[in-house]
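Presented below is the structure to which this report refers.
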């Protein structure tokens, strides 16, 4: 069975500082990995994905994520945080070897960026 | 623009009174999902339609049902809402097969209040 863990309920960072939101996953096959962001009372917005190829993937709003197969991690990063990045971030996984298209979400990490 | 639309955005119902939430899409995606999200928790998959085939998650209560009359529309029926069913309900779409590479697309959600 596939699962996703986001070990931090909340991450606090000062504006202009780098940010990292952590994610680890477990799948029986090879993963498709995604990051989504959710603003209050809104649906989830896609940020970026890892399918195959380069382990460092770049996405929307200056975010990037690094796929680490040995550590089964897919941490979200941004070199310089903005106050407007404050939101709820979800990591998600899909197990491609089972032909699956069911996306399972982590519990979410709330990011606070202080001015 | 192609999109996922949910109506209404806010729904209030009484305890035990049946309620239906609506979702439509202009993406022509063959897979449609319903997720339940409670107070900043991870979206929890209730069920999905793969074309006309209904796939229920094992832990989805019988109180929740769904209908998909055609490719574009999908409904979530809650037969007898309880206070614990108050949540944000998210509709999402995707394409199967090789297009499983693509992230799923979320609607803005319907926030259900049970009084």
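Protein chains in written order, with my numbering: chain A, 5 to 119; chain B, 1462 to 1576.
We treat Cβ as the ideally placed atom computed from N, Cα and C, and that holds for glycine.
Residues of chain B whose Cβ lies closer than 7 Å to the Cβ of residue 111/A are, in chain order, 1502, 1503. In this structure, the CA atom of residue 74/A is about 12 Å from the CA atom of residue 59/A.
Interface residue (Cβ-Cβ distance to chain A less than 8 Å): residue 1567/B is classified as such.
Here residue 1514/B carries a strand assignment [DSSP, helix/strand/coil].
Those residues of the segment 32 to 50 of chain A placed with their C-beta closer than 8 Å to a C-beta in chain B are 36, 38, 40, 45, 46, 47, 48, 49, 50, ordered along the chain.
When beta bridges are read from the DSSP output, residue 49/A appears opposite 41/A. The Cβ-Cβ distance between residue 25/A and residue 107/A does not fall below 8 Å. With respect to chain B, the C-beta atom of residue 53/A has a partner C-beta closer than 8 Å. The distance from the Cβ of residue 62/A to that of residue 48/A is about 19 Å, inconsistent with a contact at the 8 Å cut-off. According to DSSP, residue 1538/B shares a beta bridge with 1481/B, 1526/B. Contact of residue 94/A with chain B by beta-carbon distance below 9 Å involves 1503, 1504. Within chain B, the residues placing a beta-carbon under 7 Å from that of residue 107/A are 1565, ordered along the chain.
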